[in-house]
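Protein chains: 2
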Amino acid sequence: MTETRTDHAAYTDDELDTDLRWWAAANYLTVAQIYLQDNVLLREPLTAEHIKPRLLGHWGTSPGLSAIYTVLNRVIRETDSDWLYVTGPGHGGPALVANVYLEGTYTEIYPHVSRDARGVLKLCRQFSTPGGIPSHVSVQTPGSIHEGGELGYALVHAAGAAFDNPDLTVVCVVGDGEAETGPLSGSWKIPAFLNASRDGAVLPILHLNGAKIAGPTVLGRSSDSDIADYLGGQGWTPMFVEGDDPKAVFRDLKSAIDQSHRIIRDLQAQARDDGPSAGTRWPAIVLRTPKGWTGPHEVDGELIEGTHWAHQVPLSGVRENPGHLEILETWLRSYRPEEIFDAAGAVVDEIAGLAPEGDRRMGATPYANGGRLLTPLKLPPIARYALEVDKPGATIHETTRVLGEYMRDIYSENSSSDDDGGAFRLFCPDETASNRLAAVFETTDRCWQLPTNEHDDNLSQSGRVMEVLSEHLCQGWLEGYLLTGRHGLFATYEAFAMVSASMVIQHTKWLQHAATLDWREPVASLNILLTSTCWRNDHNGFSHQGPGLIDAVLPLAPDVVRIWLPPDSNSLLSIAEHCFRSRNHVNLLVVDKQPHLQYLSLDEANDQAAAGISIWPWAGTEGDNDDDPDIVLAGAGDVPTQEILAAAQMLREWVPYLRVRVVNVMDLMSLLPQADHPHGMSEDDFADLFTRDGHVVFAFHGYPRAVHQLLHGQPDADRFHVRGFSEQGTTTTPFDMVVLNKMSRYHLVLEALRRSRRVPERSEELVEFCHRQLARHHDHVREHFEDLPEIRDWTWS
Amino acid sequence: MTETRTDHAAYTDDELDTDLRWWAAANYLTVAQIYLQDNVLLREPLTAEHIKPRLLGHWGTSPGLSAIYTVLNRVIRETDSDWLYVTGPGHGGPALVANVYLEGTYTEIYPHVSRDARGVLKLCRQFSTPGGIPSHVSVQTPGSIHEGGELGYALVHAAGAAFDNPDLTVVCVVGDGEAETGPLSGSWKIPAFLNASRDGAVLPILHLNGAKIAGPTVLGRSSDSDIADYLGGQGWTPMFVEGDDPKAVFRDLKSAIDQSHRIIRDLQAQARDDGPSAGTRWPAIVLRTPKGWTGPHEVDGELIEGTHWAHQVPLSGVRENPGHLEILETWLRSYRPEEIFDAAGAVVDEIAGLAPEGDRRMGATPYANGGRLLTPLKLPPIARYALEVDKPGATIHETTRVLGEYMRDIYSENSSSDDDGGAFRLFCPDETASNRLAAVFETTDRCWQLPTNEHDDNLSQSGRVMEVLSEHLCQGWLEGYLLTGRHGLFATYEAFAMVSASMVIQHTKWLQHAATLDWREPVASLNILLTSTCWRNDHNGFSHQGPGLIDAVLPLAPDVVRIWLPPDSNSLLSIAEHCFRSRNHVNLLVVDKQPHLQYLSLDEANDQAAAGISIWPWAGTEGDNDDDPDIVLAGAGDVPTQEILAAAQMLREWVPYLRVRVVNVMDLMSLLPQADHPHGMSEDDFADLFTRDGHVVFAFHGYPRAVHQLLHGQPDADRFHVRGFSEQGTTTTPFDMVVLNKMSRYHLVLEALRRSRRVPERSEELVEFCHRQLARHHDHVREHFEDLPEIRDWTWS
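Line by line, the protein sequences give chains H and R.
Numbers 1371 to 2167, taken from our numbering, label the letters of the first sequence in order.
Numbers 1371 to 2167, taken from our numbering, label the letters of the second sequence in order.
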């Protein structure tokens, strides 16, 4: 770790004055972005034509965000240290853009927004206008790893950034609106998981200006004492800074940040010398400043500053209302633009010179552009974990177990010691062992910074398995970890992955837009393992049976999303390796943890994972060159593949003259037309697998219509007959689950015979057999409850 | 409000002894459910055959849940008051089932689980076995409004139940695992929203046994002092009860509940006499008891009780391991089954008699079967709010505004006074006004129990608009409110509805299974208004553009889910009225809040909403009897309808010989085949609208492939060409949004001409015109950024 100076000093009067000039410049540029489309340096009297035709943006939170930015700049220069700024009140976009423009980063990244009059004009015109930049802090904003649209994830992103980044301090501004959300409320528990020795620090600044769009906020109206208790109870030691006098607030804020930083460095130094201690309490800051601070205090006799009326645009109808126009001009001139810009419109040196140097600037920090820091994972050869599979379907294994063994060695190969250099973490609600990934505990532990006792197992301060019973925290921590240049996996019960589905969507949007920005280097993919799947939550029942994340992800950016359905262990290994190497993707891996049949050797698995979709010749009746099957059976996912293979076997045995082809789909996106996804198939390739007009009986892991939506656009999609999870579930046997959802081998055989091109001999007997088997099963179920037999012949696995 | 006795008394020794007998009986039945399939009364020595072949269920939390239930039974009898029990640690299913069996409710509802030896056998055999009941508290559990599968929503459901139920006290047990989730962490802020005068009370019992599946929990390892601060800072006054000696814990727990109840009643009495006061602090209880309390303390030399090893089944391999079998028998006999059951296997009177009477039993309370308490909403005639629409497409209106006016009067007609009798609430993250629903503030306010100031508007303790910046809280409060027999609407930004998508899914599952239970009376539907939609978040940009909830809801139970896309105000009114009258559904209403063209008179809207899907003859070229269009144009949603109509108009004007039909879809589920949804269409009806084989150009509000998935199974679905939101978004104009997503009128015309049966005269000119228009637009966009024009001719609306 770099030695960091912590010789903070209280503001001198001069320093304070120059910092207030930076702040005025940031506020000026914020207001200008919201209002002005011309005369942006205010060299002439303001007229209606200078005002944008539609006024958009959020003033309320902006001056507070800029005040924090200003003070941090000084702290960074004083201490020559790395800070990352996470903006929870994301609507304060214009403030962050103003600050990174002032520090020069904006122009370095976007040269057309130059440091002159034309650049300021562009800066203003682009803001929240068509083709321009969003009003939120977004992927376009230099220095950001956090989109400010959907609220709730500021602190989880901040924590994810701090893990394994010992030199970094992440300032996380939490707005009092966002603080009402569930995910944010849940994410204050960082002290239980942040290790002062190997991790960086998170310094939350709870910025209370008291109001959200249209009313007060819970924390905004809570007393200091209640807030101190609330944060204190969660391991934070808050300092309060409050006021509306800029000089006083700046002095107090500087002092609070200095003090926090000193405490952080002391805690870290102690932990790094003597090992971390349990129950570390971290500093936090509560900053109360007026909403719309320094903006119009009253308009038309109504108080604006400090109320929710300052949330967005505090002055409306400026083009039409000369009185409002005058207020706006007075407001803008209160920042003394003539002292901000030189004759060419460049920010004067006295202000621009306040920015830290180079990559220390928060808009330029490589931590916010994690691809710059990324090193590829050291991946052990997957052959080490591969199962011996000599013959398809002859052995049984808990499929996910090999992934645990693989990750065990990924842990050991990617951290030089327990306390240093980690670049890989597994995130999972308390289910690592349940999901058969417990092999990771041979090389690491669950991460835990609270007290431990002798009965705990695999629990330590140096552990890097992040278990917290919150999908939001797991997902968000991983996002923050990835966006700052590291690697990881989020493993969760399939049904509960929907808890954080909206975060997956927002992260996908981030990656989609990031890929359009040259300056954003590729980051490691977001890998999500969905296990404990719907077909094998037989004992947990209906609430645990839901494959809906597939449907939520399918429509997202085709350049980003990938959905993988490995049917067995070796294919899971092959796909996992691919996912760990991939960049800028969101990979869903869907596979169950229970004992399942194994089909493919590692070589076969590698080939087929690369192909994405393959004919399994040994499972059908065809010879290699037979391109005219009577029926195609296709499976995607472990249980569907098992049922498809059983159906194919029955057809081969009972009606051997029927030509059956079996296709396995591992890469769901490969079903899409070529134009719609990079993995999509041409019509010819598609026809090679599925013929051009023959019927296809398809067993699918998730909701059947998900497949139909993918197939549209391929030749004659009507001929596909998909069975899958049809929202029929309860506490029952695996076999009953496939029966309830009409995806059992018997249903598949019946469908195949109904759809087959030819009606072969003996098909009536087979039909009868299938009906008899299903009837027997139904009798069995009925009897079980009416006659109360001993529980004996219910096969659970 | 009923007068309630609060003359609690400390336990006498006799009372304590008998209550401990109930508790022993509940624990016995819990263990028996998990382990036994025979000899369930333990009348013979236990042998391997008596043990279930697969051991499932969660012992850890169960004894604590039963202890609370036992004490509450006595409190209820002492005070003759109504209590509802919300079980956060839902895996404690067997404990709740045991208690409601002991109190008699279970047998009244499920007579086959009789109060005799056969009934006990059935009780045990059904638990967590195929065809039986889930291991969680679920919809099948009498007394429950809360499914214990997906964790996080116990407190929001409890609060929803307490709103406007002044006589009810909701005990909400929060497990320390669940307490780690985001939604639960966010839901402690009840004191800011619960009105002591008109609402009931929520008494949270934070039940800390220290562990989740495989490790400790954050609150479980936090000090009492930290927990007191954490809860205290959020408006609760916690009392701590801790121990492992049953007698001491029961005495302390009884005393804590008594004291809490007294405080609650005092607060309520004072508020009801003098009006509620701001910042009321409510009692809460923190209960620390060992995980797996009274279970095996050690097994094979390993400590079990009090550790995470007691979470599920603390004794494994009981059939194979005689030592474990012996421990199990000793454990079961420690509850003295011979004193629990009489000769016939009925629970002895001394125990059974401890249950409260009739509907006071927590398993029998009508509050947990809200349909029993439901009275239909008094709905004013929607004609009162209808817009005059003489001519389609001639007027513009902010579509959702009429819904605000409608709800304004629903508020006034459904509460007799400010403080009493409310049965309707609107839930919305701080967006009621933003969503153009502010008319409700003419009859009610935002609900707020913290301090107010002179600048607040529409904010009061008696308000019934629930604004909190948390989709989880809004959604969960409404669910609790509905399941206890009231009515409401959740209005939210479309994109952020995904935040609580998993809750919508779980609620749908609840309604789906509830409908199969005769004893569960129908409840009012869950109505969700999605507004600020993707097409008109032009200024908020990409993070606010996501219609994914449609995709998440589509695959769910067809008997429950409905998706409505009213194209204008009058159709919104008609559909809203239908939704408010409907029962047991989940209704998504998707409509934007911005100014939009209005098309239908109220009569037309009523007819078309009832039909779900209709031909708009005035928009096409056909006469009424013309059943052979060259092309069908279909629209679903406001913006798509506008573009479809513009396209149709262009076609009518440029190529009048082309026969164009326009179809409008308000009820998305009507596209499904008849067999797949109650609103689905037969092939003939479908062909009447869309022809049998003609091409259809379809503009859709959401992701295009959502429509393709619905259409599969209808005749020749390949001929549908759907345009919709294709995840192309940014800060731009509404028109650019439809261009980016290839759904503009020009794209639709081009597609129509490409697909039309006939190529009419002048079509080349029209093609050229469309290309020219699109090219001009692209130039415009490029120029805007390269040449920096004044922002003038960008049409925002």
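Glycine included, C-beta positions come from ideal geometry on N, C-alpha and C.
Contact holds between the stretch 1956-1966 of chain R and the stretch 1895-1902 of chain R, because three or more Cβ pairs, one in each stretch, are under 8 Å apart.
Just so you know, the alpha carbons of R:E1419 and R:V1688 end up roughly 10 Å apart. Annotation for R:A1753: L1972 place their beta carbon closer than 7 Å to its own, counting only its chain and skipping 5 residues before and after. The Cβ atoms of R:H1681 and R:K1661 sit closer than 8 Å to each other. Residue nearest to H:L1564 within the set H:G1427, H:L1521, H:V1838 is H:V1838 (criterion: CA-CA distance).
Only residues of its own chain outside the window of five on either side were considered, and among them A1598, L1601, A1654, V1656 have a CB closer than 6 Å to the CB of H:P1608, listed in chain order. For the stretch 1661-1677 of chain H, the residues whose beta carbon sits under 9 Å from a beta carbon of chain R are, in order, E1672, L1673, G1676, T1677. Apart from the 5 residues on each side of it in sequence, H:T1400 sits with its Cβ closer than 6 Å to the Cβ of S1432, P1464, A1465, A1468 in its chain, given in chain order. Pairing H:M2113 with H:R2093 gives a Cβ-Cβ distance under 8 Å. Near chain H, meaning a CB-to-CB distance below 8 Å, the residues of the stretch 1848-1881 of chain R are A1865, F1866, M1868, V1869, A1871, S1872, I1875, Q1876, K1879. Classified as exposed, R:S1595 has fewer than 16 neighbouring CB atoms from the shown chains inside 10 Å of its CB. If you draw a straight line from the Cα of H:Y1523 to the Cα of R:T1822, it is about 29 Å long. Taking a C-beta cut-off of 9 Å against chain R, the contacting residues of the stretch 1895-1914 of chain H are D1908, H1909, N1910, G1911, F1912, S1913, H1914, listed in chain order. Taking a beta-carbon distance threshold of 8 Å, H:H1516 does not count as an interface residue toward chain R. In the structure shown, R:A2006 adopts extended strand secondary structure according to DSSP, grouped into three states. Judged by DSSP in its simplified three-state form, R:Q1403 adopts helix.
Chain order gives the chain H residues near R:L1820 as P1586, V1588, R1591, S1592, where near means a beta carbon separation below 8 Å. The beta carbons of H:D1389 and H:L1724 sit closer together than 8 Å.
Taking all protein chains in view, the Cβ of H:H2141 is surrounded by fewer than 16 other Cβ atoms within 10 Å, so the residue is classified as exposed. Secondary-structure assignment with DSSP links H:R1658 through a beta bridge to H:L1578, H:E1612. For R:I1583, the three-state secondary structure derived from DSSP is coil. By the criterion of at least three beta-carbon pairs nearer than 8 Å, the stretch 1482-1492 of chain R is not in contact with the stretch 1434-1448 of chain R. Contact between R:A1532 and R:V1572 is confirmed by a C-beta separation of about 5 Å, below the 8 Å threshold.
At a beta-carbon threshold of 8 Å, none of the residues of chain H lie near R:L2118; the nearest stands roughly 18 Å away. Contact with chain H is found for R:V2151, since one of that chain's Cβ atoms lies less than 8 Å from the residue's Cβ.
R:L1881 places its beta carbon less than 8 Å from that of R:V1930. Out of H:G2050, H:D1719, H:I1674, H:G1855, the CA that lies nearest to the CA of H:T1745 is found in H:G1855. Chain order gives no chain H residues near R:V2002, where near means a beta carbon separation below 9 Å; the closest approach is about 17 Å.
Using a CB distance cut-off of 8 Å, R:G1519 counts as an interface residue toward chain H. Taking R:L2081 as reference, the option from R:E1385, R:A2045, R:A1641 with the minimal CA-CA separation is R:A2045. Residue contact with chain H for R:P1925: present (Cβ-Cβ distance below 8 Å to some residue of chain H).
CA-CA distance, R:D1938 to R:R1651, rounds to 45 Å. Of all C-beta pairs linking the stretch 1581-1590 of chain H to the stretch 1551-1568 of chain H, fewer than three are shorter than 8 Å, placing the two stretches out of contact. With the rule of 3 Cβ pairs closer than 8 Å, the stretch 1389-1398 of chain H does not count as touching the stretch 1726-1736 of chain H.
In the DSSP assignment, R:M1836 falls within the unbroken beta strand (DSSP E) covering 1835-1837.
Relative to the Cα of H:T1677, the nearest Cα in the group R:E1668, R:H2049, R:E1824 belongs to R:E1824.
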